[in-house]
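Just below is one structure, and these are the notes that go with it.
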Amino acid sequence: MLNVVINIVYFMLSVALLFAFIRLTKGPSLPDRVVSLELIASIVVGYVGVHAIDTGVSSLLDVAIVIALTAFLTAIGFARFLERGGRKSE
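Going by our numbering, the first residue of the sequence shown is number 484, and it counts up by one from there.
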């Protein structure tokens, strides 16, 4: 029963990743692309978490935490970049 649920979750994460990638490529502005990159990072954390449950390797949860923290810091960096007005043309 757990294998069926894990396969369903893998499928749902794959569909979500596909939609996020479409949003990344067709996003009209930079903030939309930043949000889609953050969503992709969250989906990857979900993949790693489900894989940790599937394989029973608990050290993968540490990997998921590191990916989540890196994505958070990246989002903060992009927010500060956008707050300051983006790229300056000299």
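Note that CB positions come from ideal geometry on N, CA and C, so glycine has one too.
By the DSSP assignment, the alpha helix (DSSP H) with K509 in it spans what residues? L485 to K509
- Query: Considering S542, what are the terminal residues of the alpha helix (DSSP H) in which it resides?
  - Reply: S542 to E566
Where do the N-terminal and C-terminal ends of the alpha helix (DSSP H) with R570 fall, by residue? Careful: R570 lies outside any alpha helix (DSSP H) and carries neither H nor E.
- Query: What is the DSSP secondary structure of S525, counted as helix, strand or coil?
  - Reply: helix
Whole-angstrom Cβ separation of E521 and A554, contact assumed at under 8 Å?
6 Å
Please look up how many angstroms separate the CB atoms of R506 and S519, rounded, as I've assumed it's under 8 Å. 4 Å
Whose CA, out of V527, V487, D537 and L485, lies closest to the CA of A499?
V527
*asked:* Let me confirm a value: G560 is counted as buried when at least 16 other C-beta atoms fall within 10 Å, else exposed. Which label applies?
replied: exposed
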